[in-house]
Amino acid sequence: MPGLTSTMLMSVQSLLADQAALQVTSNNISNANTAGYTREVPDITENTPTVEGGITYGGGVTLERVQSIRDTLLDLRISEENQQQSGAQAQVDSLNQIQQLFSDSSTGVGANMSAFFNSLSQLSTNPTSVPQRQAVITAAQNLASSFNQTSTQLSNIESSLNLNVSQNVNQVNSLTQQIAKLNVQVAQMEKLGQEPGTLLDQETQLVQQLSQLTDVNVIQTENGQTITTANGAALVVGGQNFALTAQADSTGTTHVFSQGTDITSSIQNGKLGGTLQVRDQDVPGVLNQLDTLASQFATAFNTAHEAGTDLNGNAGGAFFSAAAGAGAASSFSVVITDPNAVAASSDGSAGSNGNIANLSGVQTTELPSGASPTDSFSNIVFNVGNLTQQAQAESTAGTASLNQLQDQWGSISGVSIDEESTNLITYQRAFEAAARVISTVDELTQTVIGMGATS
Amino acid sequence: MRVNPNITPDILNAIWTTQQQENTAMQQLSTGRRVNSPSDDPAAAAALVGNLTESDQTDQFIKNTSNVEGMLQTADSTLSSVVSVLNQAISLGVQGATGTMSLTDQQGIAQQIVGIQQQVMQLANTSYQGVYIFGGTASTQPPYVADASQPSGVAYNGNSGVNTVEIGTGRSIQTNIPGDQMFQGAGSDVMGSLQQLVTALQSGDNTAIGTATTQLRTAFNYVTQQRVFYGNAVDQLNSNSTYLQSEKVNLASQQNDLVGVDMAKAATDLSNSEITHQAALAAAARVAQNTLLDYLK
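Residue numbers (this note's numbering), protein chains in the order written: chain A, 3 to 457; chain B, 81 to 377.
This is the structure we're talking about:
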């Protein structure tokens, strides 16, 4: 039969459980704004009842454990979305720098090419005028320097991207190191049936940060999480992390190695993937278009120029010089320095402008690439704009779904101050009631003690 | 149903989005352009390259037109002077062939014709901005020099080359008639006829004077005909110039269609985005302050 003492003890359990629940609530409120913190819920259960004389008495209450509320699948979805969105955003950041080079249509290769042909047209009205010949050479030099500058700026962007790759690799390594440490602790606690709680929150948070940097694939094993990246290369296995290394090759291009294997071309996502996409696909694509234009334009113009005669009656020489193929834009230069050497004449007389029509014709004639010089340049502008627009659209879409996923995450794991306030009142009242029981039992006990006393 | 209690990111997103819209509308209004980076509309940005090239080219064609026009007008007025002195020479030739003329008088007229000869030569050596306009493409030196060994009394140092200048896409205009064609055409040799007239007058041979005068008249007619070329060319340039101006307007309007902003739309966008931005801010201010704690005592 239950006695006063057991009632008292039961109330103490109740006080302890409520106190613990209040502590959980307090912890939730404290961490309401902590990134990655998942709310905790006290798991309060009934004790085993006791049966006496055919009557079952409840055994009071115990705080079984404190449980973190999380959805592992959702975490994986967020990780995937982080990989894609960060990749697209990294592309947007770099491509925005590239498109700046093609934004101002009043300067640059297109405008200078147009100005160059106009200077030739101007010369056709007075082919013997030395100032106008000088103007042609100046316009040609402007064109050459805009080819050079655009090419140099693209190369500069390329090398700054190499720096980004090394920095991202360092960040990946620092994260995997931290994850490996937590991974062991979490696995051990889970093995012992303990709630890893905050440790798992931290690990999940680090995995999300890792997802923003590169491809991440998480496999849950007995010994914690196994994290692999592109090409199946391991980043974290149990308590061990495998560092990636960034190494520049002979051309200065930084490659990413895992355990001695070059995985550069397999990295698709995260900042690293986006950066590599721009560095290895987009920039070389644009540079290649620019080089092709520079080289084919130089050749076509030289052919036309060599068909003419200069002011002194000599056959026209090469007007421009450019390397064939790669490096053409950066090596593009004007050979002619003497205004008299511009071969405007077609009949050998100084006053003839007959060859200018041939020279001007280069502007509208298809190069071997299949487009005229002007069209070739507009293709480059289109290409750059299109790449940037695509990456922007991808990034915007990624941000939107990431926001939705974060909303979903918040609805499951986020701390609600309203909810915690309600809990606070609930546990406070329960605590007060339990305390009341104790004081009642106390009074009863005194009554019992008083029964034996004589006054 | 449990909802995401942390609405700060959503609120911030809403504010950023409306702010972005506001910035875009503002940028469009202040630059007057819808396409400020190639990614705003890659196709339009690419088409703009072609459009600007064409528009620069049109400006250049307008310059070419006025440069060429100056030269053609100089040539035309030079020829007008040639025509008037030749007219004078013909009158003198007719006068010299009359029977009552004494040899002395005829030789006096011959002196006058020599003067005309020199004038014609000077006119044929007219230059425009350093270019001898009747020298063909050998235009860096005076095309005619006196040369007694020649039957016409002058040597032609020019050539028969002609220049053409592009004054529109695919449209060119011839800018000169070489001196050998203008003044020394077969059967219409101005220089030769004048020299013949001088010789005939000096010798007092009335028949020869008549023949030379007739030849000079033929040459005169020929020059007058050739002069029409310049008149036509100037007309052509004038109408070309009008065409180029309208072409420029077309290109500017195409450019506006490609990358320009619809001002009315941008202004509406701006005020709309301002309203949504304010609404987002107001909502944020309201939502962010309310918790259950406000109502608990």
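Yeah, the Cβ is synthetic: ideal placement off N, Cα and C, and Gly gets one too.
For a cut-off of 8 Å, the C-beta gap from Gly-89 (chain A) to Gly-276 (chain A) is around 4 Å, short enough to register as a contact.
Our two residues, Ala-332 (chain B) and Gly-112 (chain B), have alpha carbons roughly 13 Å apart in a direct line.
Assignment of Val-242 (chain B) by DSSP, reduced to helix, strand and coil, places it in the coil class.
If only uninterrupted alpha helix (DSSP H) runs of at least 4 residues are considered, none is enclosed by the stretch 118-157 of chain B. Excluding sequence positions up to five before and after Val-115 (chain B), its CB lies within less than 6 Å of the CB of Asp-121, Ala-124, Ala-125, Val-339, all in the same chain and listed in chain order.
Look at Ser-119 (chain B): its C-beta is under 8 Å from a C-beta on chain A. For the stretch 111-142 of chain B, the set of positions with a beta-carbon nearer than 8 Å to some beta-carbon of chain A reads Asn-116, Ser-117, Pro-118, Ser-119, Asp-120, Asp-121, Pro-122, Ala-123, Ala-125, Ala-126, Ala-127, Leu-128, Val-129, Gly-130, Leu-132, Thr-133, Asp-136, Gln-137, Asp-139, Gln-140, Phe-141 in chain order. The beta carbon of Thr-217 (chain B) falls within 8 Å of a beta carbon belonging to chain A, placing the residue at that interface. At a Cβ-Cβ threshold of 8 Å, Phe-303 (chain A) and Leu-361 (chain A) count as neighbours. Residue environment for Ser-162 (chain A): exposed (fewer than 16 other C-beta atoms within 10 angstroms of its C-beta). Proximity of Leu-372 (chain B) to chain A, defined by a Cβ-Cβ separation below 8 Å, is satisfied. Look at Gly-353 (chain A): its C-beta is under 8 Å from a C-beta on chain B. Going by beta carbons, Val-148 (chain B) and Thr-127 (chain A) fall inside the 8 Å limit. DSSP places Gln-69 (chain A) in the uninterrupted beta strand (DSSP E) bounded by 63-70.
DSSP places Ser-252 (chain B) in the uninterrupted beta strand (DSSP E) bounded by 251-254. Residue B:Ile-289 holds the alpha-carbon nearest to the alpha-carbon of Leu-274 (chain B) among B:Asn-131, B:Ile-289, B:Gly-210, B:Leu-361. In terms of CA proximity to Val-220 (chain A), A:Ala-182 leads the group A:Thr-256, A:Pro-198, A:Ala-182. Contact with chain B is found for Gly-412 (chain A), since one of that chain's Cβ atoms lies less than 8 Å from the residue's Cβ. Pro-223 (chain B) has a beta carbon lying at 8 Å or more from every beta carbon in chain A. The Cβ-Cβ distance between Asn-84 (chain A) and Pro-89 (chain B) does not fall below 8 Å.
If you draw a straight line from the Cα of Leu-75 (chain A) to the Cα of Ser-413 (chain A), it is about 14 Å long. Taken through DSSP and simplified to helix, strand or coil, Gln-242 (chain A) comes out as strand.
Boundaries of the alpha helix (DSSP H) around Asn-320 (chain B): 286-339.
A residue is called buried once 16 or more other Cβ atoms fall within 10 Å of its Cβ, and Asn-114 (chain A) is buried on that count. Put simply, the backbone Cα of Ala-399 (chain A) is about 15 Å away from that of Asn-271 (chain A). Contact between Phe-321 (chain A) and Phe-334 (chain A) does not hold, since the beta-carbon distance rounds to 11 Å and is not under 8 Å. The C-beta of Arg-281 (chain A) has 16 or more other C-beta atoms within 10 Å across all chains shown, which makes the residue buried. For Asn-120 (chain A), the chain B residues whose Cβ falls inside 7 Å of its Cβ are Asp-136, Gln-137, Gln-140, in order along the chain. Taking 9 Å as the Cβ-Cβ cut-off, the stretch 377-391 of chain A approaches chain B at Asp-377, Phe-379, Ser-380, Asn-381, Ile-382, Val-383, Phe-384, Asn-385, Val-386, Gly-387, Asn-388, Leu-389, Thr-390, Gln-391, given in chain order. Leaving aside the five residues that flank Gly-356 (chain A) on each side, the residues in its chain whose CB is nearer than 7 Å to its CB run, in chain order, Ser-347, Ser-348, Asp-349. Among the residues facing chain A, Val-174 (chain B) is not included, as its CB has no counterpart in that chain under 8 Å away. Note that the stretch 371-383 of chain A does not touch the stretch 59-72 of chain A; fewer than 3 beta-carbon pairs, one per stretch, sit closer than 8 Å. Residue pairing by DSSP places Ser-28 (chain A) opposite no residue, since no beta bridge is assigned to it. Within chain A, no C-beta atom comes nearer than 7 Å to that of Arg-366 (chain B); the closest sits roughly 16 Å away.
Closest option to Leu-145 (chain A), judged by alpha-carbon separation, among A:Phe-119, A:Val-167, A:Gln-392, A:Asp-409: A:Phe-119. By the criterion of a C-beta distance shorter than 8 Å, Val-26 (chain A) is surrounded in its chain by Glu-42, Val-43, Pro-44, Val-68, once the five residues flanking it on both sides are discounted.
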